[in-house]
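Q: My questions all concern the structure below.
Numbering (the UniProt record's numbering), first residue to last: 1 to 141.
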């Protein structure tokens, strides 16, 4: 079926990645997500479609966004550190920039506005993770 919408999981490749993760022991899922994010950040040349889609899906899962219909089956506890949140944001940016197959396909289809809207909650959650509020000894109440 390919791609059917603008969201991070509206794609067969993304959903295949999620299903692959669900088959792993929970202690390996975090490492697979980190690997997918880092691959997108570290690739020096052209970022292929599969790696770009996996990076966006991994970043979304790290942000706490789960594919529709998977809420009850996705029970893997994930730890989002500030560094990992920053890397996940970078991976999304890399996947949607020049030199990425995903970027070229989105540009050709004219879906960037819808993709931006779909990724807003993901990026907002990652932004909060990258810059957590430290209240120290003070309380808001």
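The C-beta atom is built at its ideal place from N, Cα and C for all residues, glycine as well.
Report yes if the CB atom of residue 9 is closer than 7 Å to the CB atom of residue 77, and no otherwise.
A: The answer is no: Cβ separation not under 7 Å.
Q: Would you call the CB atoms of residue 13 and residue 37 closer than 7 Å?
A: Against a cut-off of 7 Å, the Cβ pair of residue 37 and residue 13 comes out as no contact.
Q: Kindly give me the distance between the Cβ atoms of residue 56 and residue 95, rounded to whole angstroms, as I take these residues to be in contact under 8 Å.
A: Between residue 95 and residue 56 the Cβ distance is about 5 Å, and since that is below 8 Å, they are a contact.
Q: In three-state DSSP terms, what is residue 16?
A: Note: residue 16 maps to helix in three-state DSSP.
Q: Would you please state the rounded distance, in angstroms, between the beta carbons of residue 47 and residue 92? I believe it to be under 8 Å.
A: 12 Å between Cβ atoms; not a contact.
Q: When the Cα atoms are used, what is the spatial distance from residue 80 to residue 107?
A: Roughly 30 Å separates the two Cα atoms.
Q: Note the first and the last residue of the continuous alpha helix (DSSP H) segment covering residue 93.
A: From DSSP, the alpha helix (DSSP H) with residue 93 extends over 82-95.
Q: Measure the C-alpha to C-alpha separation of residue 86 and residue 111 and round it to an integer number of angstroms.
A: Those two C-alpha atoms are separated by around 25 Å.
Q: If you draw a straight line from the C-alpha of residue 2 to the C-alpha of residue 131, how long is it?
A: Cα-Cα distance, rounded: 35 Å.
Q: Taking C-alpha atoms, which residue in 89, 45 and 44 lies nearest to residue 192?
A: The requested residue 192 does not occur in the structure, where the chain is confined to residues 1 to 141.
Q: For residue 84 and residue 121, what's the separation of their Cα atoms in angstroms?
A: In a straight line, the C-alpha of residue 84 is about 17 Å away from that of residue 121.
Q: So, helix, strand or coil for residue 47, using DSSP?
A: Three-state DSSP puts residue 47 in a strand.
Q: Output the distance between the C-alpha atoms of residue 143 and residue 26, rounded to the nearest integer angstrom.
A: Any question about residue 143 goes unanswered here, given that the chain covers just 1 to 141.
Q: Quick one: grab the DSSP three-state call for residue 100.
A: Residue 100 falls in the strand class under three-state DSSP.
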